[in-house]
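There are 2 protein chains.
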Amino acid sequence: MSELKNDRFLRALLKQPVDYTPVWMMRQAGRYLPEYRATRAKAGDFMALCKNPELACEVTLQPLDRFPLDAAILFSDILTIPDAMGLGLSFGVGEGPKFAHPVRSAADVAKLGVPDPEGELKYVMDAVRVIRRELNGRVPLIGFAGSPWTLATYMVEGGSSKEFAVIKAMMFDQPALLHKLLDVVARSVTSYLNAQVAAGAQALMIFDTWGGNLTPRDYKEFSLRYMQSIVAGLTREAEDRKVPVILFTKGGGQWLEAMAETGADALGLDWTTDLGDARRRVGDKVALQGNMDPSVLYASPERIRREVSEILASYGKGSGHVFNLGHGIHQHVEPDRAKAFVEAVHELSRPYHN
Amino acid sequence: MSELKNDRFLRALLKQPVDYTPVWMMRQAGRYLPEYRATRAKAGDFMALCKNPELACEVTLQPLDRFPLDAAILFSDILTIPDAMGLGLSFGVGEGPKFAHPVRSAADVAKLGVPDPEGELKYVMDAVRVIRRELNGRVPLIGFAGSPWTLATYMVEGGSSKEFAVIKAMMFDQPALLHKLLDVVARSVTSYLNAQVAAGAQALMIFDTWGGNLTPRDYKEFSLRYMQSIVAGLTREAEDRKVPVILFTKGGGQWLEAMAETGADALGLDWTTDLGDARRRVGDKVALQGNMDPSVLYASPERIRREVSEILASYGKGSGHVFNLGHGIHQHVEPDRAKAFVEAVHELSRPYHN
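As you go down the protein sequences, you meet chains Y and H in turn. Residue numbering for the first sequence follows our numbering, starting at 1 and increasing by one per position. Residue numbering for the second sequence follows our numbering, starting at 355 and increasing by one per position.
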């Protein structure tokens, strides 16, 4: 593997000194970029793009060619695992994901096995390998997966949901069954993430998009516990470097202390928590990633700079902060605004580092 | 006015002793009840139901005839105010609200005036009067309004939104314009709520459905500040009783301390905050209302009882708690489950009161 030319992202996650605050954007390879839309049109549908390693590599690198980002993230989807489990994933035009075979009964759960990352999911590992080769050491590559709770919501509901009626009925009345489902998903995520590291991922992120819809008790029992078991099972070193792990629960701002106890290296924050308060709450246990409201990218470049400046001041001096949005970049943002954002982070963060 | 036979709800909001914990459900008059669906079909569309005081009274009382609830809430919608401002509200079949004339420019804002509660909004005051007469002192009647920020999101976006792109662009780049809009909405809400009290409302609730989508700084500047100015302008006594005010910001669990400083008597909580922790955080400043996950009503009656019992234990002994769901009851809940919930609160809460 070629030598890493910019390791600020990895260093910040481990709270090692950096000269400026590294930055990347969740969903940085996405629909707000015309070149992404062109590649996606070439691929056909969304999953065809995920399953084509060369095209997945192409879209992964597109934002890096536009902006001086400090990390790349594998282009893929959190639903690759349930798809590989045989649930029959499809994306209708203009619609969210749908599973042909949702998981509803003990018999449905019993049928689920841990997919082979170099079998049904080999296309993901191939994408990691191609991207690492093409990145050629420019910046580190982040691998990722959905949290077991988040994946289970799609698997049980059969797609996206607002109220989570079906999975919550299962959680309240058949908790043992849901635990069995979460267990096989957690083992699948662990194996999948470790395979991504073996293929070349240099940091890992677990996306718990729907954990924030739980009570504090249910969050700990049905979401956090499984993320903790994943963290405990991960390869934490590769190519003579630590492989940092980031946990992100959207809407999880009230539970940062508990999240910091999982053994993860860093926590992702959405924009509803003050970054400085979060730093005081978690102390030295973890680094923090976030947390600008993605809607700020609809504002003028001057206003974007001001928001960046306030977030940097809120975090304060020293390493341990990776700048990011608090959620994925919106599809109607002008790419020039994203550029203003990334450049503002680099420029304005230097005084906070020695 | 007839004497109030059950004042537990008002007493609990003022932290006065009660013999059991009072309970009501947000959206208790709603689509989960077959009799509601029948009345709504009779009325025609949703706004026709809101605008017909006799039918609005009918649906307000329906849940009270089924369950021993300790409060009634005016059947209406938070969007009556922008509708009365001339924005042209409609509800498409199976769709959310739409405004024909969204507020986008300084000229649009300049056109807005405070609606006359006994003029364009007289149908709401008439509904309050009819409901008070028909309630005949069974339980107190809650009046309500949306928060200025929440109303402004619909007015600026032109309907429901997921990303709030238009109003947030206004917030970031034209904050003075947004403040002007929020100011006229706040004055309208104050006048509207005071008219509801004059017509017979015995407690008030402000619904800030979308405040939780803001950063802590923006929440204070664009949502909380205007709720505070409303609270300061409200009639706080009527019929020789205090008229308690409840503030509810969905997703506002991180900001309870600031909300408790507004002068409100009580805070509504969604289910993502532990009720006992919330009580410790706000101390004696306010009562608390909430906070069972509405999805628990999909579970068995036994499981519902267990959840009620855990929430009661979390709050602990003494007054100052009004039991409720953490958000509106879902439309697919079986009415018998709601009954099991209400009865469990009454039965299991007695040991927590002397």
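Where is the CB? At the ideal position from N, CA and C, for every residue including glycine.
* To do: Kindly list the residues whose CB is nearer than 7 Å to the CB of residue 389 of chain H, restricted to its own chain and excluding five residues on each side of it in sequence; keep chain order.
  => These residues qualify, in order along the chain: 416.
* Asked: Taking the alpha-carbon positions, what's the residue 303 of chain Y to residue 529 of chain H distance?
  -> Whole-angstrom Cα-Cα distance: 11 Å.
* To do: Quick one: residues in its chain with C-beta nearer than 7 Å to the C-beta of residue 681 of chain H, no 5 flanking neighbours on either side, listed in chain order?
  => Closer than 7 Å at Cβ, skipping near neighbours: 380, 604, 624, 648.
* To do: Compute the beta-carbon to beta-carbon distance between residue 361 of chain Y and residue 81 of chain Y, rounded to the nearest angstrom, for a pair I have assumed lies under 8 Å.
  => Because chain Y in this structure spans residues 1 to 354, residue 361 of chain Y falls outside the shown range and cannot be described.
* Asked: In three-state terms, what does DSSP make of residue 75 of chain Y?
  -> Looking at residue 75 of chain Y - three-state DSSP - the assignment turns out to be coil, as it is neither helix nor strand.
* Asked: Taking all protein chains shown into account, do 16 or more other C-beta atoms lie within 10 angstroms of the C-beta of residue 162 of chain Y, making it buried, or fewer, making it exposed?
  -> Exposed: under 16 other Cβ atoms inside 10 Å.
* Asked: Considering only C-alpha positions, which residue in the set H:561, H:502, H:520, H:424 is nearest to residue 576 of chain H?
  -> Between residue 576 of chain H and the set H:561, H:502, H:520, H:424, the nearest pair of CA atoms involves H:502.
* Asked: Which of the three DSSP states, helix, strand or coil, is assigned to residue 678 of chain H?
  -> Residue 678 of chain H carries a strand assignment under DSSP once its states are collapsed to helix, strand and coil.
* **Contact belief for residue 12 of chain Y with residue 313 of chain Y at Cβ below 8 Å, rounded distance in angstroms** => With 8 Å as the limit, residue 12 of chain Y and residue 313 of chain Y do not qualify as a contact, their Cβ atoms being about 17 Å apart.
* Asked: residue 253 of chain Y: buried (16+ other C-beta within 10 angstroms of its C-beta) or exposed?
  -> By the 16-neighbour rule on beta-carbons within 10 angstroms, residue 253 of chain Y is buried.
* When the Cα of residue 58 of chain Y is compared with those of Y:44, Y:74, Y:45, Y:70, which residue comes out closest? -> For residue 58 of chain Y, the closest alpha carbon among the candidates Y:44, Y:74, Y:45, Y:70 is that of Y:74.
* Beta carbon proximity, residue 663 of chain H to chain Y, threshold 8 Å -> So, not an interface residue.
* To do: Please classify residue 393 of chain H: does DSSP put it in a helix, a strand, or coil?
  => Under the three-state reduction of DSSP output, residue 393 of chain H falls in the helix class.
* **Beta-carbon proximity of residue 547 of chain H to residue 558 of chain H, cut-off 8 Å** => Closer than 8 Å, so yes.
* Asked: Across which residues does DSSP place residue 646 of chain H in a beta bridge pair?
  -> In the DSSP output, where bridge partners are listed per residue, residue 646 of chain H has H:679.
* Beta-carbon separation (whole angstroms), residue 363 of chain H vs residue 376 of chain H, contact threshold 8 Å -> Taking C-beta atoms under 8 Å as the contact rule, residue 363 of chain H and residue 376 of chain H qualify, at a distance of about 4 Å.
* When Y:70, Y:19, Y:224 are compared against residue 247 of chain Y, the one with the closest alpha-carbon -> Closest option to residue 247 of chain Y, Cα to Cα, is Y:224.
* **Closer than 8 Å to chain Y by CB, residue 523 of chain H** => So, interface residue.
* Of all the CB atoms in chain Y, is at least one closer than 8 Å to the CB of residue 533 of chain H? -> Judged by the 8 Å Cβ criterion, residue 533 of chain H is not in contact with chain Y.
* If residue 424 of chain H sits next to residue 378 of chain H, beta carbons under 8 Å apart, how far is it from one beta carbon to the other, in whole angstroms? -> Contact between residue 424 of chain H and residue 378 of chain H holds, since their C-beta atoms are separated by about 6 Å, short of 8 Å.
* If residue 693 of chain H sits next to residue 421 of chain H, beta carbons under 8 Å apart, how far is it from one beta carbon to the other, in whole angstroms? -> Contact holds; Cβ gap of about 5 Å.
* Same chain, Cβ closer than 6 Å to residue 362 of chain Y, five either side skipped, listed in chain order -> No answer is possible for residue 362 of chain Y: the residues shown for chain Y start at 1 and end at 354.
* Could you name the residues of the same chain whose beta carbon sits closer than 8 Å to that of residue 257 of chain Y, not counting the 5 residues immediately before and after it, in chain order? => 281, 282.
* Enumerated in chain order, which unbroken segments of the beta strand (DSSP E) with a length of 3 residues or greater are wholly contained in the segment 566-609 of chain H? -> Runs of the beta strand (DSSP E) lying entirely within the segment 566-609 of chain H and spanning at least 3 residues, in chain order: 599-603.
* Asked: So what's residue 34 of chain Y in DSSP terms, helix, strand or just coil?
  -> Here residue 34 of chain Y carries a helix assignment [DSSP, helix/strand/coil].
* To do: Could you name the residues of chain Y that residue 650 of chain H contacts, counting a contact when the two beta carbons are closer than 8 Å?
  => For residue 650 of chain H, the C-beta contacts it makes with chain Y under 8 Å involve 168, 172, in order along the chain.
* To do: For residue 570 of chain H, I'd like the list of residues in its chain whose CB is within less than 8 Å of its CB, leaving aside the five on either flank, ordered along the chain.
  => Annotation for residue 570 of chain H: 608, 609 place their beta carbon closer than 8 Å to its own, counting only its chain and skipping 5 residues before and after.
* Can you pull the chain Y residues whose beta carbon is under 7 Å from the beta carbon of residue 625 of chain H, in chain order? => Neighbours of residue 625 of chain H on chain Y, chain order: 215.
* To do: Have a look at residue 686 of chain H and residue 556 of chain H and give me their C-alpha separation to the nearest angstrom.
  => For residue 686 of chain H and residue 556 of chain H, the gap between their C-alpha atoms comes out near 30 Å.
* How is the alpha helix (DSSP H) around residue 9 of chain Y delimited, first residue to last? -> Counting along the chain, the alpha helix (DSSP H) containing residue 9 of chain Y begins and ends at 8-13.
* **C-alpha distance - residue 480 of chain H paired with residue 496 of chain H, whole-angstrom precision** => The alpha-carbon atoms of residue 480 of chain H and residue 496 of chain H are separated by roughly 14 Å.
* To do: Take residue 552 of chain H as the anchor and find which of H:402, H:483, H:535 has the nearest alpha-carbon.
  => Closest in C-alpha terms to residue 552 of chain H, from the list H:402, H:483, H:535, comes H:483.
* Asked: CB-CB under 6 Å to residue 532 of chain H, same chain, minus the five flanking residues each way: which ones, in chain order?
  -> These residues qualify, in order along the chain: 524, 525.
* Name the residues in the segment 131-164 of chain Y whose C-beta lies less than 7 Å from a C-beta of chain H; which are they? -> Residues of the segment 131-164 of chain Y with a C-beta atom less than 7 Å from some C-beta of chain H are 163, 164, listed in chain order.
* **Cross-chain neighbours of residue 684 of chain H in chain Y, by beta carbon under 7 Å** => Near residue 684 of chain H (Cβ distances below 7 Å), the residues of chain Y are 163, 165.
* Take residue 320 of chain Y as the anchor and find which of Y:19, Y:4, Y:3, Y:2 has the nearest alpha-carbon. => Comparing Cα-Cα distances from residue 320 of chain Y to each of Y:19, Y:4, Y:3, Y:2, the minimum goes to Y:19.
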